[in-house]
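One structure is given below, encoded as structure tokens.
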Amino acid sequence: MTGNKSFFETLVMEEGGNVTFGDGSKRNVIGKGTISVPGLPSLSNALFVDGLKANLISISHLSDEGYSVLFSKDYCSILKPDGQTLLKGMRSSDNCYCLEARIVSNHVSMDEQIELWHERLGHMNFRDLRTLGKFNCVRGLPKLGKKANGICGPCQQGKQTKSMHKKGKYLTTKEPLELLHMDLMGPMQTESLGGKRYIFVCVDDFSRFTWTYFLREKSETFDKFKMLCTKLQNEMNSNIRSIKRIRSDHGREFENATFETFCNGLGISHEFSAPRTPQQNGVVERKNRVLQEMARVMLLSNNVPRNLWAEAINTACYIGNRVFLRPGTRNTSYELWKGKRPNVSYFHTFGSKCYILNDRDQLGKFDAKSDEGIFIGYALNSRAYRVFNLKTLSVMESSNVVFDDTRLKSNDHERRVPLLDSKEPAPWVRKLHDKEDIIGEVNEGVRTRRQLANLISYTCYTSQIEPKKVEEALNDEFWVLAMQEELSQFERNEVWTLVPRPKTTNVIGTKWIFRNKSDEDGNIVRNKARLVAQGYSQIEGIDFEETFAPVARLESIRLLLSISCVHKFKLHQMDVKSAFLNGFLQEEVFVEQPKGFVDAHHPNHVYRLKKALYGLKQAPRAWYERLTQFLVDNNYTRGSVDKTLFIKRDNDELFIAQIYVDDIVFGSTNNTKVQQFVDVMSLEFEMSLVGELSYFLGLQIRQMHDGIFITQAKYAKNLVKKFGLEKAKHCDTPMSTL
């Protein structure tokens, strides 16, 4: 099989299944024919595979054609039926045998011979090619002269590099804020604790002092730059010094009308590097590399979870400002910016073990006075350390910390904080769960799934107040970002299209719902804005037809837990991100533009929905039908009694998946089947929270080798808190008697 169409003498284009590569990826067979290449035997029924980079010959196919293949330690030989050697291949470093077709070329000129060997040896440069032949470094290569014209067209196309850019040796600016270098890194594969994926980096040219900000979307760049400008001009006294120039690339986050208007208003000159020439903005490009390398090493050295990368970048920036000398001087960036030498006596090893004084809880006489944690950086606005508390599983700032800077044992953090390598940690999604299926106090917010990895607090970058009105939310930058994130989901899922308002069709209103998401200890971890349709205004028979969607009963979940115990396999859970936005609508539905985000050019237009929206009466059914059809198409069998149960059998192997709206609990007697299911779902939907089942419908679940342990500690704590018994003295039950 090959991916090179030119090898075929005859080729019939047809679909012939697919080929699975060593990395698990698949490519389609798009043709079949006969290969005729000089030096190779004629190969019939050869497959033309889309995207295949190597040329592969089947040993069994050669044997069927009458050829013999001999393998030794260092080479292999293909023999003709009469015993003569047709091809010979050497064993490569990756344990493959690479064959070379012997194409005979007689009576060619010296230049042609040089070009021939140049091409045979992978377009090796002509100077090294002459050296190989001159000193007999290899066998079979003749001595070659110098080519008259030493230019090879394909080499120029494939190897040409950019011109050298000389490194600056002297200071080109005379004072801080004269020139700021800016760049944006991202998106990162793993979201940070605050759900951020981009890093906005700004470097002062004179001092090389650096600032970093973390963004969810590129569109937030201008807001962060505006905030930074205000901060820097206040810090440096704008009457004395002000920002004169900024330099960036041509990214749309920098080159836009808003940016230009703002800079013109402040008299800031905006310079751009040449397209595809990052060397012209090398100060910040180099700083990006330094920050990434420092953060990577700090994360790896003590096995710190990867979604703490933003904390590592912040710490790398904090350290770099205080220890790196400005090129051309003997001063640190901190001294050039602040005018005084930095103090590093309070520095500690990132990721090291530490103990935080517990001064927030009412402790008993024999309770531990401190909690164990992980050191993750320095507070920027107070004299405190940032630590990850392993007891509360939250990020906190404290000055009462004792450090153990000795190197941690391998995998220690991974044992205590079992984070998963998911591309995106889960957002919180508002559910439509039946009350009778929820264990716990239904009047309070109930989470339908919880993975230990996602208990890490989002305490930085969150608002503590839940706005009641849109106007209040629009005055809070954190809630504005939450609303922008929600609308970005709509764009990615192609939920709606802006159209002129219909004259006779019912238009449904929209409403923003604002909720602070808290962990089990009451710490706010995320600001979640949800745009919902006001479904009460829908007209039956026009805006919707059927609305029923089956939901798994709690008894089914308990039965699934029992089955996993009997068959001794672990259950896993996953969540479909913004699940209802994946359901297709059969009806024609129009909704109003969301408040605060009305299109300035078409304020009277409305959105026509392509997919379901939270709040629509048919949304649960649309999502259920989409998910069910997808699973059935992938050979998962729906249960005959429980329509939310899906099973797949393969000989003695069993796979079970239970669907609860957008939560999926699944497991198999073969771990390979589990990974296959995760891969299949991730290709179709945006998934999150892939990991072992630990929290579901109010149940805290611990899966151990000898069974499953189920508790309701959170429910018990809520009851105690509800009736004001947190400080009450306990007594035994039944009561002791004299």
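First residue of the sequence shown: 1, per UniProt numbering; consecutive thereafter.
The C-beta atom is built at its ideal place from N, Cα and C for all residues, glycine as well.
DSSP places Tyr624 within a helical segment (H, G or I) once states are collapsed to three.
DSSP lists Cys202 as the beta-bridge partner residues of Met182.
Annotated three-state conformation of Val720 is helix, per DSSP.
Annotation for Ile268: no alpha helix (DSSP H) segment contains it, and DSSP assigns it neither H nor E. Shown here for His602: same chain residues with a beta carbon closer than 7 Å to its own, the five before and five after excluded, namely Leu498 in chain order. Under the three-state reduction of DSSP, Arg501 is assigned to coil, being neither helix nor strand. DSSP, read as helix, strand or coil, puts His61 in helix. The alpha carbon of Ser219 has as its nearest neighbour, out of Cys98, Leu654, Lys365, Ser488, the alpha carbon of Ser488. Three or more Cβ pairs closer than 8 Å define a contact, and the segment 674–683 falls short of that threshold against the segment 587–600. Here DSSP, grouped into helix, strand and coil, assigns Phe646 to strand. Here Ser394 is bridged, per DSSP, to Asn389.
As a beta-bridge residue in DSSP terms, Gly667 pairs with Leu571, Ile656.
Look at the segment 315–374 and you find these whole runs of alpha helix (DSSP H), each 4 residues long or longer: 333–338.
By the CB criterion at 8 Å, Val495 and Lys610 fall inside the cutoff.
Under the three-state reduction of DSSP, Phe254 is assigned to coil, being neither helix nor strand. Taken through DSSP and simplified to helix, strand or coil, Phe21 comes out as coil.
One Cα belongs to Gly535, the other to Phe580, and the distance between them is close to 14 Å.
If you draw a straight line from the Cα of Arg208 to the Cα of Asp249, it comes to about 18 Å.
Ala713 sits in a helix when the DSSP states are folded into three classes.
Rounded to the nearest whole angstrom, the CA to CA distance from Asp359 to Arg197 is 34 Å. The DSSP-derived three-state label of Gln233 is helix.
Where Met188 is concerned, there is no enclosing alpha helix (DSSP H), because DSSP gives it neither an H nor an E. DSSP places Phe490 inside the alpha helix (DSSP H), whose first and last residues are 477–492.
With 16 or more neighbouring CB atoms inside 10 Å of its own CB, Ser394 falls in the buried class. A residue is called buried once 16 or more other Cβ atoms fall within 10 Å of its Cβ, and Ser694 is buried on that count.
For Trp117, the CB contacts under 7 Å within the same chain, skipping 5 residues up- and downstream, are Leu129, Leu141, Leu144 in chain order. With respect to the 8 Å criterion, Tyr213 and Phe200 are classified as neighbours on the basis of their beta carbons.
Ranked by how close their Cα comes to the Cα of Glu253, the residues Lys226, Asp94, Gln279, Gly351 have Lys226 in first place. Of the candidates Phe206, Gly251, Cys229, Lys174, Gly251 places its Cα closest to the Cα of Gly186.
Residue pairing for Glu692: DSSP places it in a beta bridge opposite His572.
Within the same chain, Cβ atoms closer than 7 Å to the Cβ of Val632 are found at Arg638, the five residues on either side in sequence being excluded. Taking all protein chains shown into account, Val323 has fewer than 16 neighbouring C-beta atoms within 10 Å of its C-beta and is therefore exposed.
Apart from the 5 residues on each side of it in sequence, Cys263 sits with its Cβ closer than 6 Å to the Cβ of His270 in its chain, given in chain order. A straight line joining the alpha-carbon of Glu335 with that of Leu474 spans about 39 Å. Taking 8 Å as the cut-off, the Cβ atoms of Phe8 and Ile30 do not count as close.
Assignment of Gln703 by DSSP, reduced to helix, strand and coil, places it in the strand class.
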